[in-house]
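Comments concern the structure below.
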Amino acid sequence: MTSLALAPTAIAGLLRRQQRQHWTLLALFVLMLAVAVLSVAIGPVTIPPGEVLRVIAASLGLPVGEIAPQHAAVIETIRLPRTLLGLLVGAALAVAGAAMQGLFRNPLADPGLIGVSAGSALAAVSIIVLGGQGLGFLTAALGAFTLPLAAFAGGLLTTLVVYRLASREGHTSVTTLLLAGIAINALCGAGTGLLTYVADDQQLRNLTFWSMGSLGGATWSQVGSVALLIALPLCALPLLARTLNALLLGEAEAGHLGIAVQRMQRIIVTLAALAVGAAVAVSGLIGFIGLVVPHLLRLALGPDHRFLLPGSALLGGSLLLLADLLARTLVTPAELPIGILTALLGGPFFLALLMRRRGVAA
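Using the UniProt record's numbering, the first residue of the sequence shown is number 1, and each one after it goes up by one.
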């Protein structure tokens, strides 16, 4: 009788939780739209949000009346591609972080911590420095896709190496995973430093700003070159949400539920590496988005990846746009690298997370 009496209460609680999750996703979507409009409106030339919407509507062919030509030029050629690139990069980093945390069943499994970003950066730097010499044939063959595809290959390779080192007899050791990530980060950092040492002055200047992360100089060609590469994992990973939910129970339990664990792990790793590689190729190294965003949403939405993954995409894009907005306005007319601001935010958060886990373990 007690179990039967509690059943309606449990169902009602589940329905309330799902309703809260849907409302949270809607709020995150509205937040993303608002931050995107602010990102386009605010800058050295401030444009009213209403004018921003009119310019965007006019570019879509809608009748909006007369608009200021200089406003249209600033929005269409500078700020709109930068905003779209920021949304793509932030969503890619956050979703990849959420997927990796679910795959390894640990909230510390950030793509940067386990070497994905460092591997992508090493491959991208190799193309920048050696693209006109030993790797010129790749640039000629792949064109605008050379950099994002190379970064994807580097991120995928390092991810597979770390995963193989941390896995034994079907089980993944989180401690080994993080230690292997530290080693891979060191090796890739050494390779990047060596390439930086042999770079010429112009390459060195580009690499210095690129390594700190930035959306400056975003163009429509950049957006086009990475949009498909980022859109694929952003669309595919939420389809694997139930698989990630099952993996939270453990690999053996997921296998008993009929999931091909090893094959799905390889697919998830490949999609995450593609997202991070493409993002790193166009924005440089931007840390902690993949760590902070999924953890915050896990506190708000719970561990269900059906809500966690789309929520990470929305909040990741919004957070990166806010960081970019601060980078453009704090020291006007100069511009701070985004990687510095995300590190200032993510560093203390990561330390707090470590201290919290230490307190729980104690």
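No residue lacks a Cβ here, since even glycine has one placed at the ideal position from N, Cα and C.
Here the structure is a predicted model, which is why all the values come from computation and not from measurement.
query                                                                                                                           : result
Cut-off 6 Å between Cβ atoms - residues of its own chain near residue 368, not counting five sequence neighbours on either side : This structure cannot settle anything about residue 368, because the visible part of the chain is limited to 1 through 362.
Classification of L26 by the beta-carbon crowding that lies within 10 angstroms, buried from 16 upward                          : exposed
Inter-residue Cα distance where the pair is L6 and A236                                                                         : For L6, the pLDDT reaches just 47, beneath the cut-off of 50, and the residue's location in the model is therefore unreliable, although a value from the coordinates is still provided. Rounded to the nearest angstrom, the two C-alpha atoms are 37 Å apart.
For R16 and L248, believed in contact at Cβ under 8 Å, the rounded distance                                                     : Wrong, their Cβ atoms sit about 22 Å apart, outside the cutoff.
Same chain only: Cβ atoms within 7 Å of P333, ignoring 5 sequence neighbours per side                                           : P44
With 16 other Cβ atoms within 10 Å as the buried cut-off, status of I11                                                         : exposed
Close-in-space but distant-in-sequence residues of the same chain around R20 (CB under 6 Å, 5 per side omitted)                 : none
Test item: CB-CB of V276 and P111 under 8 Å                                                                                     : yes
N- and C-terminal bounds of the alpha helix (DSSP H) containing A273                                                            : 261-283
Limits of the unbroken alpha helix (DSSP H) element including A300                                                              : 289-301
Unbroken alpha helix (DSSP H) run spanning T243, endpoints                                                                      : 241-247
Local Cβ density within 10 Å of Q70, reported as buried at 16 or more and exposed below that                                    : exposed
A92 beta carbon less than 8 Å from that of A279                                                                                 : yes
Segment contact, 8 Å Cβ cut-off, at least three pairs: the segment 312-320 with the segment 124-131                             : no
Beta carbon proximity, L232 to chain C, threshold 8 Å                                                                           : Annotation note: the requested chain C is absent from the structure, which comprises a single protein chain.
Close beta carbons around L296, own chain, < 8 Å, minus the five adjacent residues each side                                    : L315
Member of L165, R356, V89, R328 whose CA lies at the smallest distance from the CA of A227                                      : V89
Residue 369 in three-state terms, based on DSSP                                                                                 : No answer is possible for residue 369: the residues shown for the chain start at 1 and end at 362.
Under the three-state DSSP convention, the category residue 364 falls into                                                      : Because the chain spans 1 through 362 in this model, residue 364 falls outside it and cannot be assessed.
Limits of the unbroken alpha helix (DSSP H) element including T332                                                              : Run containing T332: none; DSSP gives neither H nor E here.
Cα-Cα separation between V331 and S126, rounded to whole angstroms                                                              : 32 Å
Sufficient close CB pairs (3 or more, under 8 Å) joining the segment 214-225 to the segment 79-89                               : yes
Backbone CA spacing between L9 and T342 [nearest angstrom]                                                                      : One point to set straight first is that residue 9 is Thr, not Leu, in the sequence displayed. Each residue's alpha carbon lies about 42 Å from the other.
DSSP three-state assignment for T219, whether helix, strand or coil                                                             : coil
Rounded straight-line distance, which links the Cα of S59 to that of T175                                                       : 51 Å
Buried or exposed (CB count within 10 angstroms, at least 16 for buried), G284                                                  : buried
Through-space distance from E66 to G287, alpha-carbon basis                                                                     : 42 Å
S120 vs G155 beta-carbon contact at 8 Å                                                                                         : yes
Alpha-carbon spacing of A166 relative to I114, whole angstroms                                                                  : 11 Å
Start-to-end residues for the alpha helix (DSSP H) that takes in S120                                                           : 116-130
Beta-carbon proximity of L321 to S117, cut-off 8 Å                                                                              : no
Cα-Cα separation, I75 to V55                                                                                                    : 8 Å
Nearest candidate by alpha-carbon position, reference L229, set V35, A72, L271, D200                                            : L271
Reduced DSSP secondary structure (H/G/I, E/B, other) of M355                                                                    : helix
Member of S214, R263, L344, T208 whose CA lies at the smallest distance from the CA of T192                                     : T208
Nearest candidate by alpha-carbon position, reference V292, set F145, W210, L344, G255                                          : L344
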